[in-house]
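*Asks:* Okay, here's the structure, questions in a sec.
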Amino acid sequence: MTNLRINLPEELDKEFRKIIASKYGFSKGALSLATQDAILRWIIKNGKEPWLYIDGNMTLDMDDEVISTFLKSVLKTLKPEKIRISFRATQGEIQLITKLFENCEVDGDDILFTLENSEFNQTHNQLKKVIGVQNKQSLLFEFDDVSIISGGNGCFSIDGAVSAQKYNLIVKEFLTKLNKEIPPKLGNLKNYQLMFLNPGSTPLILRGEE
Numbered sequence: 086m087t088n089l090r091i092n093l094p095e096e097l098d099k100e101f102r103k104i105i106a107s108k109y110g111f112s113k114g115a116l117s118l119a120t121q122d123a124i125l126r127w128i129i130k131n132g133k134e135p136w137l138y139i140d141g142n143m144t145l146d147m148d149d150e151v152i153s154t155f156l157k158s159v160l161k162t163l164k165p166e167k168i169r170i171s172f173r174a175t176q177g178e179i180q181l182i183t184k185l186f187e188n189c190e191v192d193g194d195d196i197l198f199t200l201e202n203s204e205f206n207q208t209h210n211q212l213k214k215v216i217g218v219q220n221k222q223s224l225l226f227e228f229d230d231v232s233i234i235s236g237g238n239g240c241f242s243i244d245g246a247v248s249a250q251k252y253n254l255i256v257k258e259f260l261t262k263l264n265k266e267i268p269p270k271l272g273n274l275k276n277y278q279l280m281f282l283n284p285g286s287t288p289l290i291l292r293g294e295e
């Protein structure tokens, strides 16, 4: 993809840097003209951020409705034996969780679950319903030697023994489950950004290095 430097009207340039450049680390002129135009027009019209953003450097930002699908994709790709879920909770949440779950540990304000692979989906879904756990900034998933850290509001980063190829397998599985287009040669790409502006959109792809 050829990247073009363009001069945006001042008010649009400010909006672009505030919502896109600052959030995703793009410098001015680092996106193609068509991509900048599409993102800007979408932001101005909808007043919100992309439905799904995937970075080749193992960070993702997604709408709440697809978080469970993402975690299922991680499970299927990594096949961990044990999964740990931990997060900070209020005293009211701790009292509720300890009444509903027998398999949790409490350490001060922290809640910890250690689960078998087969237990994960049900426990995570229950925690979503009870306390909205997917929106907790302190949320941490540990899949054997791989950690997924949540920044809250659908932001996730992957840390640990995951190669670029393995990460891209997670992304491919995730997109497959969402019935979304998979970019050609995704398995070998690095330093890419992939965006879906809304559930029905085609992807905006900034191709990376092979």
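Numbering of the sequence shown is given in my numbering, commencing with residue 86 and proceeding in unit increments.
The beta-carbon is built from N, C-alpha and C at its ideal position, and this holds for glycine as well.
Quantities reported herein were computed from a predicted structural model and do not represent experimental measurements.
Would you check if the stretch 140 to 155 and the stretch 254 to 266 touch, i.e. whether three or more CB-CB distances between them fall below 8 Å?
*Replies:* Cβ pair count under 8 Å is three or more, so yes.
*Asks:* Alpha carbons only, please: which of 237, 282, 289, 223 is nearest the one belonging to residue 131?
*Replies:* Ranking 237, 282, 289, 223 by Cα distance to residue 131 puts 282 first.
*Asks:* CA-CA distance, residue 176 and residue 182?
*Replies:* So the alpha carbons of these two residues sit roughly 10 Å apart.
*Asks:* Do you know how far the Cα of residue 273 is from the Cα of residue 187?
*Replies:* The straight-line gap from Cα to Cα measures roughly 43 Å.
*Asks:* Compute the beta-carbon to beta-carbon distance between residue 169 and residue 198, rounded to the nearest angstrom, for a pair I have assumed lies under 8 Å.
*Replies:* Between residue 198 and residue 169 the Cβ distance is about 7 Å, and since that is below 8 Å, they are a contact.
*Asks:* Out of curiosity, what's the CA-to-CA distance linking residue 277 and residue 289?
*Replies:* Roughly 11 Å separates the two Cα atoms.
*Asks:* Taking buried to mean at least 16 other C-beta atoms within 10 Å of its own C-beta, is residue 268 buried or exposed?
*Replies:* Buried.
*Asks:* Short of 8 Å in beta carbon distance, which residues of its chain neighbour residue 202, apart from the five on each side in sequence? Order them along the chain.
*Replies:* If we look at residue 202 and ignore the five residues flanking it on each side, its Cβ neighbours are 160, 164, 165, 166, 167, 168.
*Asks:* What is the rounded straight-line gap between the Cα of residue 287 and the Cα of residue 266?
*Replies:* Roughly 7 Å separates the two Cα atoms.
*Asks:* Note down the Cα distance separating residue 126 from residue 136, rounded to an integer number of angstroms.
*Replies:* If I take the Cα positions, the gap works out to 15 Å.
*Asks:* DSSP on residue 263, reduced to helix/strand/coil?
*Replies:* Of the three classes helix, strand and coil, the one that applies to residue 263 here is coil, per DSSP.
*Asks:* With a 10 Å radius around its C-beta and 16 neighbouring C-beta atoms as the bar for buried, classify residue 134 as buried or exposed.
*Replies:* Its Cβ being crowded by 16 or more others within 10 Å, residue 134 is buried.
*Asks:* Could you pull the start and end residues of the beta strand (DSSP E) that residue 215 belongs to?
*Replies:* No beta strand (DSSP E) contains residue 215, which is instead part of the alpha helix (DSSP H) from 202 to 216.
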